[in-house]
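Student: Read top to bottom, the protein sequences are chains C and F.
Residue numbers for the first sequence follow our numbering, so the first one is 1 and each next one is one higher.
Residue numbers for the second sequence follow our numbering, so the first one is 366 and each next one is one higher.
A virtual CB, placed ideally from N, CA and C, is assigned to each residue, including glycine.
First, the structure itself, so that you have it in front of you.
There are 2 protein chains.
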Amino acid sequence: MISLHDLPRYDMPQNDLHQNDLHHTDKLRNDLYLKALAGEPVPRPPVWMMRQAGRYLPSYLKLQEKYDFFTRCETPELVAEITCLPIDEIGPDAAILFSDILVVPRALGQSIEMKSGVGPVLENPIQSEDQALALKPVDVAEALGYVMKGIRATNERLAGRVPLIGFSGAPWTLLCYMVEGRGSKDFSKAKAFCYEYPHAAHHVLSLLTDITVDYLNAQIRAGVHAVQVFDSWAGLLGPDDFNTFAMPYLQRITEEVKGAPVVLFAKGAWYALELLSWQTRAAALSIDWTVGPEYARQAAGWDITLQGNYDPSRLLSPVPVIRDQVKSMIDRFGKDRYIVNLGHGILPNVPVDHAKAFVDAVKSY
Amino acid sequence: MISLHDLPRYDMPQNDLHQNDLHHTDKLRNDLYLKALAGEPVPRPPVWMMRQAGRYLPSYLKLQEKYDFFTRCETPELVAEITCLPIDEIGPDAAILFSDILVVPRALGQSIEMKSGVGPVLENPIQSEDQALALKPVDVAEALGYVMKGIRATNERLAGRVPLIGFSGAPWTLLCYMVEGRGSKDFSKAKAFCYEYPHAAHHVLSLLTDITVDYLNAQIRAGVHAVQVFDSWAGLLGPDDFNTFAMPYLQRITEEVKGAPVVLFAKGAWYALELLSWQTRAAALSIDWTVGPEYARQAAGWDITLQGNYDPSRLLSPVPVIRDQVKSMIDRFGKDRYIVNLGHGILPNVPVDHAKAFVDAVKSY
């Protein structure tokens, strides 16, 4: 492993956190999550779950029956209601905005259908170099203004109970969908496109980076307290391809997003933890459940917050097992510079009381 | 990372290789693959590709149209013909028997349908503790005798051109299918079963280990020169669960399979390379493309052969890029104690000339 531990480290953004105009952090009644991101000592680590406002919640399923997917994403009142469901029912220490990473390809003009049993299907996937090079920037305020409205409505409803996390897909992961046109085991069509037309791929990735930076900065101005970048398909790339098609864009996002901490989740890219820690301005790295706490800490060093990494399937264990494992996980990660979370989104078949047991186990640590 | 480098190491089985009654190795005209497994110096590393007798070959597709999947697996003449297709057309240094890991669940009485666009569907997946505990050993010679006939027919057809590799699914991966009933993104049903009924899960895993040992030993007696164990879903497990549900069974297989080298492929279990190298009797570890050569060597040490790990999607790159990358991959792994392969099975959409370019690039190294 290349050791970066002796190189000069970027200043971490959390150092700037309290100097920024985060007017809305003043009235937060629970700031455990932000403290953990800033590296401040906490009595216990904060906890939230990726996709915590999702299909395992009966209250969410009722709204899913009434409104289609993008109506749910685009209606500020529904965004606020859905985002707050787990806060009321499960009690995590942070809320994550209800939305989807595919709102960005949609803003770029790709229409998307959510097919049940299949997932998202994009109508006009990128199939040629020309099509890729023809992609033009978008005015985020105009095309994604509804997200900022959703953020304001959500913060009103949260009323300072917990911080609100904004998010975006990473450029590499968005390119995967935009070229492949739908979910895939290996996204080999998307990868082949990058290998055959690297120039066009970098054009798309660079454009997506510009949009992501604008989008996350707009979310922060609208009131989110931190942002997370989901590179869900990072692990499909080997280390060299990750350094070519993912890393430079993640790096730029952490440099150009201002005013709130940035959390990176490069799922499956265990090999990149060291680089992501030392060569980006991320405040935290979210990790999946294949990475042991000791390995993660060794690779990432001690000056960055780690988030994760309970195996989502493990929430299907009996409740006493969940309790024991959460305690042991916190013991291994340590209570500071650590945010308890899953290693990926919560599964739809998790019983609500298991999710609650997970959160409660952290609270009683 | 726990350092095992100072612990006493198991004697590697390749040391015994030439003492065993591998009568059929005498007449091999190309023994590069076996030399690499035994750690002997070679002029260039051997090369083969997982799923090299697969859907990217037009000659295979013709046979696929004529015979259904299990007919192809169960007819010795077809097994021999299909196994030899890539030897004739692409020229790798080893043949891998045409078969499927699911022949074992089939031998255990689970009927399986190969549904196009879906993959394998098992008719009676294990859904209860009682059903799991009721599983009984099988007589491998009787239930899987057709595989041994296929091996003999294949060796006749190969006529010593290259060694023949036998294989089996690993117990954990077989359990995944036997409980989940079909392929899955996360095999969360199978994992939940293990978490809820660990006793029953270990009964199934132990029984599958017994069968796998018998099965691989029978393959070796029938004439394969080495065997590979595919733990395709190892990477769905975190390190602790891997050590509980996968590792002990892989370990036992390497101890109880005699007379030929055993190669382990625990896909996605990068975190286990060190344990797999030091705590099993594997002759080689096959690795996926997320593991850099330097990391793999550092974790596995220098006394074991490594196999892999070109990204299968990378075969969709332009041919000159494939050539350059193969050369660089061999430079990084080193020519000895290394078998060139992909990091997973070849994809159906790979052009034949790209597969051939991959093999040729190794031959001209």
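How far does the beta strand (DSSP E) with C/TYR310 in it reach, from first residue to last?
Tutor: Taken as a continuous stretch (DSSP letters only), the beta strand (DSSP E) holding C/TYR310 covers 305 to 310.
Student: To the nearest angstrom, how far is it from the Cα of F/LYS728 to the Cα of F/ARG409?
Tutor: Cα-Cα distance, rounded: 7 Å.
Student: Measuring from the CB of F/GLN492, is there a heavy atom of the ligand COA at a distance below 6 Å?
Tutor: This structure does not include the ligand COA; it has no bound ligands of any sort.
Student: Measure the beta-carbon distance from F/LEU570 to F/VAL594 and round it to whole angstroms, keeping in mind my assumption that it falls under 8 Å.
Tutor: Wrong, their Cβ atoms sit about 13 Å apart, outside the cutoff.
Student: Checking 7 Å against the spacing of the C-beta atoms, do C/LEU164 and C/VAL121 come in under that value?
Tutor: It is not a contact, given that the beta carbons lie outside the stated cut-off.
Student: For the beta strand (DSSP E) containing C/ASN155, name the first residue and the last one.
Tutor: No beta strand (DSSP E) contains C/ASN155, which is instead part of the alpha helix (DSSP H) from 145 to 158.
Student: State yes or no: is the beta carbon of F/GLY603 nearer than 7 Å to at least one beta carbon in chain C?
Tutor: So, interface residue.
Student: Can you check whether the C-beta of F/LEU650 is within less than 7 Å of a C-beta belonging to chain C?
Tutor: It does not; no Cβ of chain C falls within 7 Å.
Student: Taking the beta carbon of C/ASN349 as the centre, do at least 16 other beta carbons fall within 10 Å, making it buried, or is it exposed?
Tutor: Exposed: under 16 other Cβ atoms inside 10 Å.
Student: Please state if the CB of C/ASP214 and the CB of C/GLN162 are separated by a distance shorter than 7 Å.
Tutor: What sits at residue 162 of chain C in the sequence shown is Val, not Gln. Not a contact, by the Cβ cut-off of 7 Å.
Student: Ignoring anything shorter than 3 residues, give me the beta strand (DSSP E) runs that lie fully in the stretch 630 to 716 of chain F, in order along the chain.
Tutor: Runs found: 649 to 652, 670 to 675 and 703 to 707.
Student: Please tell me whether F/THR577 and F/ILE618 are closer than 7 Å, where the distance is taken between their beta carbons.
Tutor: Yes, Cβ-Cβ distance for F/THR577 and F/ILE618 is below 7 Å.
Student: Going along the chain, which unbroken runs of the alpha helix (DSSP H) with 4 or more residues stay wholly within the stretch 566 to 636 of chain F?
Tutor: 604 to 610 and 612 to 621, all fully within the stretch 566 to 636 of chain F.
Student: With H, G and I counted as helix, E and B as strand and the rest as coil, what does DSSP make of F/LYS721?
Tutor: Helix.
Student: Would a check of beta-carbon distances place C/SER328 closer than 7 Å to chain F?
Tutor: No, because no Cβ of chain F sits closer than 7 Å to the Cβ of C/SER328.
Student: Between the alpha carbons of C/MET148 and C/GLU142, how many angstroms are there, rounded?
Tutor: Rounded to the nearest angstrom, the two C-alpha atoms are 10 Å apart.
Student: Short check: CB of F/ARG394 to CB of F/GLY525, under 7 Å?
Tutor: Taking 7 Å as the Cβ cut-off, F/ARG394 and F/GLY525 qualify as a contacting pair.
Student: Is any beta-carbon of chain F found at less than 7 Å from that of C/TYR197?
Tutor: It does not: the Cβ of C/TYR197 has no partner Cβ on chain F nearer than 7 Å.
Student: Once DSSP output is grouped into helix, strand and coil, what is the label at F/PRO406?
Tutor: It is coil, neither helix nor strand.
Student: What does DSSP give as the partner residue(s) for F/PRO485 in the beta ladder?
Tutor: Beta-bridge pairing links F/PRO485 to F/MET479.
Student: From F/GLN341 to F/LYS556, what does the alpha carbon distance come to, in whole angstroms?
Tutor: Within the shown structure, residues of chain F are numbered from 366 to 730, placing residue 341 of chain F beyond reach of any answer.
Student: Within its chain, find whatever has a CB closer than 6 Å to the CB of F/GLY710; leave out the 5 residues flanking it on each side and keep chain order.
Tutor: Taken in chain order, the residues that qualify are MET415 and ARG416.
Student: Measuring only the C-alpha atoms, how far is C/ASP31 from F/MET694?
Tutor: Rounded to the nearest angstrom, the two C-alpha atoms are 48 Å apart.
Student: I'd like to know if the stretch 196 to 203 of chain C and the stretch 278 to 287 of chain C are in contact, where contact means that at least 3 CB-CB pairs between them fall below 8 Å.
Tutor: No, the stretch 196 to 203 of chain C is not in contact with the stretch 278 to 287 of chain C.
Student: Taking the alpha helix (DSSP H) that F/ILE452 falls in, what are its first and last residues?
Tutor: It spans 441 to 454 - the alpha helix (DSSP H) in which F/ILE452 sits, taken as one unbroken run.
Student: So, does the CB of F/THR655 fall closer than 7 Å to a CB anywhere in chain C?
Tutor: Yes, its Cβ sits closer than 7 Å to a Cβ of chain C.
Student: Taking the alpha carbon of F/GLY666 as the reference point, which residue from F/SER678, F/ASP689 and F/LEU641 has its own alpha carbon closest?
Tutor: Here the closest residue by C-alpha is F/LEU641.
Student: Express the C-alpha separation of F/ILE452 and F/GLN384 in angstroms, rounding to a whole number.
Tutor: Its pLDDT being 38, under 50, F/GLN384 is placed unreliably in this model, and the coordinates cannot settle the point.
Student: Please report the distance separating the alpha-carbon of F/GLY624 from that of F/GLN584.
Tutor: Each residue's Cα considered, the two are about 10 Å apart.
Student: Indicate whether F/VAL724 and F/VAL407 have their beta-carbon atoms separated by less than 7 Å.
Tutor: Result no, Cβ atoms of F/VAL724 and F/VAL407 do not sit closer than 7 Å.
Student: Could you pull the start and end residues of the alpha helix (DSSP H) that F/PHE558 belongs to?
Tutor: Looking at the DSSP string, the run of the alpha helix (DSSP H) that includes F/PHE558 is 553 to 561.
Student: Look at the Cβ atom of C/ASP241, then the Cβ atom of C/THR173, and state whether they are nearer than 7 Å.
Tutor: No, these two residues do not count as a Cβ contact at 7 Å.
Student: Whose C-beta lies closer than 6 Å to the C-beta of C/GLY235 among residues of the same chain, with five residues either side of it excluded?
Tutor: Answer for C/GLY235: LYS267, GLY268 and ALA269, listed in chain order.
Student: Counting along the chain, where does the beta strand (DSSP E) carrying F/LEU529 start and finish?
Tutor: Run containing F/LEU529: 529 to 534, per the beta strand (DSSP E) assignment.
Student: On the three-state DSSP scale, how would you describe C/VAL47?
Tutor: Correct three-state label for C/VAL47: strand.
Student: Could you say which of C/GLN307, C/TRP289 and C/ARG152 lies nearest to C/ARG337 if we only look at CA atoms?
Tutor: For C/ARG337, the nearest C-alpha among the options comes from C/GLN307.
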